[in-house]
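For the working numbering, count along the sequence shown from 1 and bump the result up by 52.
Virtual Cβ for every residue (Gly too), placed ideally from N, Cα, C.
Remarks on the structure that follows.
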Amino acid sequence: MRQAGRSLPEYRAIRGGGTILDAIQDPDLSTELSLQPVRRYGVDAAILYSDIVVPAFAVGFGLTVTPGIGPEVEHPFRRRDDLGRLRPLDPEADTPYVVQTVRQLVADLEVPLIGFAGAPFTVASYLVEGRPSKDHAVAKALMLSDEMLWHDLLDRLADLAVASLMSQIDAGVSAVQLFDSWAGSLSPAQYRRYVLPHSQKVLSAIGSTGVPRIHFGVTTGEFLGQIGEAGADVVGVDWRVPLREARRRVGQGRALQGNLDPTAVLAGLPAALAATRDVLAENAGHPGHVFNLGHGVIPTSDPDILTEITRCVHAEGRTDGPTA
Ligand code: CP3
Numbered sequence: 053m054r055q056a057g058r059s060l061p062e063y064r065a066i067r068g069g070g071t072i073l074d075a076i077q078d079p080d081l082s083t084e085l086s087l088q089p090v091r092r093y094g095v096d097a098a099i100l101y102s103d104i105v106v107p108a109f110a111v112g113f114g115l116t117v118t119p120g121i122g123p124e125v126e127h128p129f130r131r132r133d134d135l136g137r138l139r140p141l142d143p144e145a146d147t148p149y150v151v152q153t154v155r156q157l158v159a160d161l162e163v164p165l166i167g168f169a170g171a172p173f174t175v176a177s178y179l180v181e182g183r184p185s186k187d188h189a190v191a192k193a194l195m196l197s198d199e200m201l202w203h204d205l206l207d208r209l210a211d212l213a214v215a216s217l218m219s220q221i222d223a224g225v226s227a228v229q230l231f232d233s234w235a236g237s238l239s240p241a242q243y244r245r246y247v248l249p250h251s252q253k254v255l256s257a258i259g260s261t262g263v264p265r266i267h268f269g270v271t272t273g274e275f276l277g278q279i280g281e282a283g284a285d286v287v288g289v290d291w292r293v294p295l296r297e298a299r300r301r302v303g304q305g306r307a308l309q310g311n312l313d314p315t316a317v318l319a320g321l322p323a324a325l326a327a328t329r330d331v332l333a334e335n336a337g338h339p340g341h342v343f344n345l346g347h348g349v350i351p352t353s354d355p356d357i358l359t360e361i362t363r364c365v366h367a368e369g370r371t372d373g374p375t376a
């Protein structure tokens, strides 16, 4: 997941100064940064080194990603005129470096590569707030006060996500993940009315490619069923909902991804392995399970503990059918 590489000394050694938006424009560097966690941990898939704000950046919306803070926008999205700052993405011209990185990775990797995009709500929250926010109050106030403008904004962001994902699929990724990290700030009714149709549009637009789709948000337990309804093949679950209960909420026909609490990695090896085994036990042998952390790797995580967690999952993860 996000920032698996950031805890690694080999990442810090080559990442260089500047923002992640500078780093990803160098395909050789972003190829290497994507490969590092795979080499170190022996995980079963790689995730592209990029960021959810890249399409909005590439069409010239005017944003940066400040190290230690996150995405920041000089002139946040506030009124109808601002839609003009979100023209359609032409991936070959606007993000050739992403396409190039995917091609290089697919050639180099022995495991599948996961591409990704930000879901319309989570990208909108950055564009409207102008910076990372805990309550997403400015974005939600726009959503509740000007529904037409809100839907027009999310529709444009859905188009950006579709164009970006299609270019990654054309370049060879084996699966895609749509990150709606901050959707958990919404009520189930708000999610259904203001967000779900736009995420559905993204996921259905790429459905014809047959590439598996993963959809993930943090604190979305109260509407996990709707996250599934958005149309993904795999629903990401954070650590707040046990997998057994998540499976009940999501229903038949979709796999789950999750859900080790990232802070368990900071608690020392015995506690980390115990928490890992608890996740496997909750999954109870279901074949439709992608083990991962319920959110990104915390940068102070000890790489050796992450290695041991990976080993444990490989040795003890059962895929021979449900035991309960
Ligand atoms: O592990 C990886 O490197 C995979 C690539 C990846 C990044 N961002 C790289 C990154 C992915 C999949 C993302 C997605 C992303 N970016 C999300 C959705 C997933 C999630 O974690 O919820 C979100 C919300 C963002 C926005 C964002 N970008 C934040 C909040 C930050 C952290 C700022 C900080 O420095 O603490 C970023 C920057 C960022 N994106 C880094 C990395 C590796 C941090 C280090 C850097 O600048 O190189």
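> Smallest Cα separation from residue 194: which of 205, 299, 148?
Replying inline: That would be 205, whose Cα lies nearest to the Cα of residue 194.
>> Taking the straight line between their C-alpha atoms, what separation do you get for residue 234 and residue 146?
In response: The alpha-carbon atoms of residue 234 and residue 146 are separated by roughly 26 angstroms.
> Is residue 94 buried or exposed, if buried means 16 or more other CB atoms sit within 10 Å of its CB?
Replying inline: Within 10 angstroms of the beta-carbon of residue 94 lie fewer than 16 other beta-carbons, which makes it exposed.
>> Could you compute how far the alpha carbon of residue 336 sits from the alpha carbon of residue 292?
In response: Taking the straight line joining both Cα atoms gives about 18 angstroms.
> Nearest to residue 138 by CA position, among 111, 121, 125, is which residue?
Replying inline: Selection 111, 121, 125 evaluated against residue 138 yields 111 as nearest (Cα-Cα).
> Hey, how far is the Cα of residue 166 from the Cα of residue 80?
Replying inline: Cα to Cα, the separation comes out at about 18 angstroms.
> Is residue 205 helix, strand or coil by DSSP?
Replying inline: Three-state result, residue 205: helix.
>> Taking the alpha-carbon of residue 140 as reference, which of 296, 211, 328 has the nearest alpha-carbon?
In response: Looking at 296, 211, 328, the one whose alpha-carbon comes closest to that of residue 140 is 211.
> For residue 342, which residues from the same chain have a beta carbon less than 7 angstroms from its beta carbon, with the 5 sequence-adjacent residues on both sides left out?
Replying inline: Excluding positions up to five away in sequence, the list reads 286, 307, 309.
> Can you check whether the CB of residue 185 is closer than 8 angstroms to the CB of residue 177?
Replying inline: Yes, they are a contact pair.
> If residue 334 and residue 301 are in contact, beta carbons under 8 angstroms, what's the gap, nearest whole angstrom?
Replying inline: 13 angstroms between Cβ atoms; not a contact.
> Which residues in the same chain as residue 277 place their Cβ atom closer than 7 angstroms to its Cβ, once the five residues preceding and following it in sequence are excluded?
Replying inline: So the qualifying residues of the chain are 301, 302, 303.
>> Below 8 angstroms on the Cβ atoms is my contact criterion, and I expect residue 113 with residue 168 to pass it. Report the Cβ-Cβ distance as a whole number of Å.
In response: That belief does not hold up - the Cβ atoms of residue 113 and residue 168 are roughly 19 angstroms apart, past 8 angstroms.
> In the DSSP assignment, what are the bridge partners of residue 229?
Replying inline: Residue 229 is bridged to 168, 266.
>> With the cut-off set at 8 angstroms, would you say residue 117 and residue 103 are in Cβ contact?
In response: Note that the C-beta distance between residue 117 and residue 103 is below 8 angstroms.
> How long is the line joining the alpha carbons of residue 143 and residue 216, rounded to whole angstroms?
Replying inline: Residue 143 and residue 216: Cα-Cα distance of roughly 6 angstroms.
> Does the beta carbon of residue 187 fall short of 7 angstroms from some heavy atom of the ligand CP3?
Replying inline: No, since every heavy atom of the ligand CP3 falls outside the 7 angstroms radius drawn around the Cβ of residue 187.
>> Please report the distance separating the alpha-carbon of residue 67 from that of residue 175.
In response: A straight line joining the alpha-carbon of residue 67 with that of residue 175 spans about 24 angstroms.
>> Under 7 angstroms: does the beta carbon of residue 117 sit that close to some heavy atom of the ligand CP3?
In response: Proximity of the beta carbon of residue 117 to the ligand CP3 is indicated: a heavy atom of the ligand is located closer than 7 angstroms.
> Candidates 187, 213, 227: which alpha carbon is nearest residue 158's?
Replying inline: Sorting 187, 213, 227 by C-alpha distance to the C-alpha of residue 158 places 227 at the top.
>> Given this structure, state the Cα-to-Cα distance separating residue 281 from residue 257, to the nearest angstrom.
In response: Rounded to the nearest angstrom, the two C-alpha atoms are 14 angstroms apart.
> Taking C-beta to C-beta, are residue 255 and residue 267 nearer than 8 angstroms?
Replying inline: Yes, Cβ-Cβ distance for residue 255 and residue 267 is below 8 angstroms.
> Which stretch, first to last residue, makes up the beta strand (DSSP E) that contains residue 122?
Replying inline: It spans 122-125 - the beta strand (DSSP E) in which residue 122 sits, taken as one unbroken run.
>> Shorter than 7 angstroms, the distance from the beta carbon of residue 246 to the closest heavy atom of the ligand CP3, or not?
In response: Residue 246 Cβ: outside cutoff for every heavy atom of the ligand CP3.
> Contact check, residue 237 vs residue 313 under 8 angstroms by CB: the rounded distance?
Replying inline: In this structure residue 237 is not in contact with residue 313, their Cβ atoms being roughly 20 angstroms apart against a cut-off of 8 angstroms.
>> With distance defined between alpha-carbon atoms, name the residue in 201, 180, 199 nearest to residue 191.
In response: It is 180 whose Cα lies nearest to the Cα of residue 191.
> What are the start and end residues of the beta strand (DSSP E) that includes residue 83?
Replying inline: Boundaries around residue 83 are those of the alpha helix (DSSP H), 79-93, since no beta strand (DSSP E) includes it.
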